[in-house]
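Numbering of the sequence shown is given in our numbering, commencing with residue 5 and proceeding in unit increments.
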Amino acid sequence: MTEATQAREPRLARLATDGLEPKNWILADVVLVGWHAGRFAGVGWGLVGGLFAAVLPTVFITVGIRKGRWGDRHVSQRQQRIIVMLFVLLSVAAGITLMTAFGAPRPVIALIAAMFTTMATLFAVTAGTKADSASQQRYSGSSWRGKISVHAAVASGSVVMLAMSYGPWALLAYALVAVVGWSRIKLYDHTLGQVTAGSVLGAVAAGATFWLLG
Numbered sequence: 005m006t007e008a009t010q011a012r013e014p015r016l017a018r019l020a021t022d023g024l025e026p027k028n029w030i031l032a033d034v035v036l037v038g039w040h041a042g043r044f045a046g047v048g049w050g051l052v053g054g055l056f057a058a059v060l061p062t063v064f065i066t067v068g069i070r071k072g073r074w075g076d077r078h079v080s081q082r083q084q085r086i087i088v089m090l091f092v093l094l095s096v097a098a099g100i101t102l103m104t105a106f107g108a109p110r111p112v113i114a115l116i117a118a119m120f121t122t123m124a125t126l127f128a129v130t131a132g133t134k135a136d137s138a139s140q141q142r143y144s145g146s147s148w149r150g151k152i153s154v155h156a157a158v159a160s161g162s163v164v165m166l167a168m169s170y171g172p173w174a175l176l177a178y179a180l181v182a183v184v185g186w187s188r189i190k191l192y193d194h195t196l197g198q199v200t201a202g203s204v205l206g207a208v209a210a211g212a213t214f215w216l217l218g
C-alpha cells in the first residue's frame, strides 16, 4: 500500500464516520418511516420525534464541546459518553410522551420508542462496564463492552426498521452499515468486536421494539 493510499484512507474514514453518524441516520429514519406511516402528516410527526432524538442531543453535545465538557463530537471518552446518553434518554422519553399525548401515528411512535430502547441498552452496557485504564481510552482494547459502538448500533437498527417498513430490499443499506463499521475501526475509535456487538444490539433492540409497538 502506497503512502498516498494510507493517507487517503483515514480521510475517507473520517468522512464516513461524520457523514453516517447517528444523527443523520435518525433524521433519515423519521422522514422515511413518517412518510410510509402517513405521508406529509407522518413526516411532520417524524420531524417532531427527530427534534428530541437527534437535534436536541446534537445541540447538547455541541454546547458541551464549546464549554470543554466533551473532547469531540462523537464523545469518545466513556464517562462523558454516559452523561450524554442520559441526556439523550431523557430527551427521547420526552418526545415519546409528547407524541403519544397528541396522537402521532403509531409507527412513528414505535420508531422513536425503538431509539429509546436501543439507547437504553447501549447505556446499560456502557455504564455496567468496569471503569479501568483501558476503558477510558479512545481505543478500548479487545473487550466489546469497553466502548460498544453507538454508530454501528444506530445504523444497523435503522436499516432493520426501514426494511420492516419498506420491504427486504432495504437491507441492501447494510452496505452502509459495513462502511460505518470500517470507518470506526480505521480511526481506532472501536475494535471489530465493539462494532459487531453494536450492530447486533442495534438490530435486535430496535427491530423488536418497532415490531412490538408498530
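Virtual Cβ for every residue (Gly too), placed ideally from N, Cα, C.
State yes or no: is the C-beta of residue i within less than 7 Å of the C-beta of residue j?
i	j	result
lysine 27	threonine 62	yes
valine 199	serine 153	yes
threonine 125	leucine 196	no
threonine 122	alanine 174	no
alanine 58	leucine 31	yes
leucine 24	valine 163	no
Return helix, strand or coil for residue i, following the three-state DSSP convention.
i	result
isoleucine 152	coil
valine 79	coil
serine 137	For serine 137, the predicted structure reports a pLDDT of 42, less than 50, and the residue's modelled location is therefore unreliable. The matter cannot be settled from this model.
valine 183	helix
threonine 21	helix
phenylalanine 106	coil
lysine 190	helix
tryptophan 74	coil
glycine 99	helix
glycine 161	helix
In terms of residues, what are the limits of the alpha helix (DSSP H) holding residue i?
i	result
threonine 121	110 to 132
proline 26	26 to 54
glycine 197	196 to 217
Whole-angstrom Cβ separation of residue i and residue j, contact assumed at under 8 Å?
i	j	result
valine 112	tryptophan 49	5 Å
methionine 165	phenylalanine 127	Methionine 165 to phenylalanine 127, Cβ: 20 Å. No contact.
alanine 17	leucine 176	Their Cβ separation, rounded to whole angstroms, is 22 Å, which puts alanine 17 and leucine 176 out of contact at 8 Å.
lysine 151	arginine 82	6 Å
Would the region 160 to 180 and the region 37 to 50 be scored as touching if the rule is three or more Cβ pairs under 8 Å? yes
contact_flag[the region 113 to 122, the region 48 to 59] where n(CB pairs < 8 Å) is 3 or more: yes
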